[in-house]
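Step one of this worksheet: look at the structure below.
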Amino acid sequence: LTPMFEAIVRHCFQRNVKVVVSNVFNPQGVGLVEPRLEKLAQEYKKVYGVDYVFLGWKYGYSLLIMGMGKDFKGTWQTDYYNTRLVDLPLTSKINNYDDIALVVSLTGSGAYVSWIYYAYVQFKEKIAAGITAVMAADSYPYLQAEQLIGLLGGLRGAAEYEQLIHYPSLASVGMEAQSWSHIAIILFIILGNIGYFMTRKKKQ
Numbered sequence: 349l350t351p352m353f354e355a356i357v358r359h360c361f362q363r364n365v366k367v368v369v370s371n372v373f374n375p376q377g378v379g380l381v382e383p384r385l386e387k388l389a390q391e392y393k394k395v396y397g398v399d400y401v402f403l404g405w406k407y408g409y410s411l412l413i414m415g416m417g418k419d420f421k422g423t424w425q426t427d428y429y430n431t432r433l434v435d436l437p438l439t440s441k442i443n444n445y446d447d448i449a450l451v452v453s454l455t456g457s458g459a460y461v462s463w464i465y466y467a468y469v470q471f472k473e474k475i476a477a478g479i480t481a482v483m484a485a486d487s488y489p490y491l492q493a494e495q496l497i498g499l500l501g502g503l504r505g506a507a508e509y510e511q512l513i514h515y516p517s518l519a520s521v522g523m524e525a526q527s528w529s530h531i532a533i534i535l536f537i538i539l540g541n542i543g544y545f546m547t548r549k550k551k552q
């Protein structure tokens, strides 16, 4: 999911789209997300509180998702660094989902469905998702029903996104390595079969 996150944030920064990042489902994600967000912000010379904000993690994802649809600042109150959202130029202007153009959920589980249940169904918020390859097949019905407006599936999806923004990075390198590993596995299978048949022939 890291390559997806970096590609999406990079694309937003390239196009001067404001970004608000949170770890709604998993507190362990904070340590992965925060340094990468800061690295990209420095690369594109973005100003914290003006161009992007990091909310961190807060307990109770379903209440958070529903709460943001009614009172964004009242639901989160402060950012990851304990600064009040009303004091940050970017988040001071966000009242609810009407002020958020798109939610992108990146997850290794089916947790993105909570955004569909609580944000799309109740508030008609646009939702996109980035998920691991093994979860992709289960997600297509939501995409076909237009409950998701976009979907990135696994390393390949991230690599394709990198190509679209003309910035091949982690996913593109990973796909090359993955392709070579698949070739190696196929070769081992072929060699194993050859060895088996040669041994069998000698026994006969």
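First residue of the sequence shown: 349, per my numbering; consecutive thereafter.
We put the CB at the ideal spot given by N, CA and C, even for glycine.
- The beta carbons of leucine 412 and threonine 423 sit closer together than 9 Å.
- Counting the other CB atoms within 10 Å of its CB gives isoleucine 537 a total below 16, which places it among the exposed residues.
- Glycine 404 is bridged by DSSP to Ser370.
- Scanning Gly458, Met414, Ser370 and Ile448 for the CA closest to the CA of alanine 467 turns up Met414.
- If you look at glycine 415, you'll find it in the alpha helix (DSSP H) that goes 409–418.
- For glycine 379, the three-state secondary structure derived from DSSP is helix.
- Lysine 394 and phenylalanine 361 do touch by the CB rule: their CB atoms are close to 6 Å apart, below 8 Å.
- When Ile475, Phe373 and Tyr400 are compared, the shortest CA-CA separation from arginine 363 is found for Tyr400.
- Contact fails between the segment 487–503 and the segment 438–449, because fewer than three Cβ pairs, one in each stretch, are under 8 Å apart.
- In its chain, beyond the 5 residues on either side, Val369, Glu382, Leu385, Asp427 and Tyr428 have a beta carbon closer than 7 Å to the beta carbon of phenylalanine 402.
- Serine 457 carries a coil assignment under DSSP once its states are collapsed to helix, strand and coil.
- Bounds of the beta strand (DSSP E) holding alanine 476 are 475–479.
- By the Cβ-count criterion, serine 457 is exposed, with fewer than 16 other Cβ atoms from all chains shown falling within 10 Å of its own Cβ.
- From the listed residues Phe373, Leu500 and Val367, the smallest Cα separation to valine 482 is found for Leu500.
- By the Cβ-count criterion, glycine 408 is exposed, with fewer than 16 other Cβ atoms from all chains shown falling within 10 Å of its own Cβ.
- For the 9 Å CB-CB criterion, tryptophan 405 and valine 367 do not form a contact.
- Rounded to whole angstroms, lysine 418 and valine 469 show a C-alpha spacing of 14 Å.
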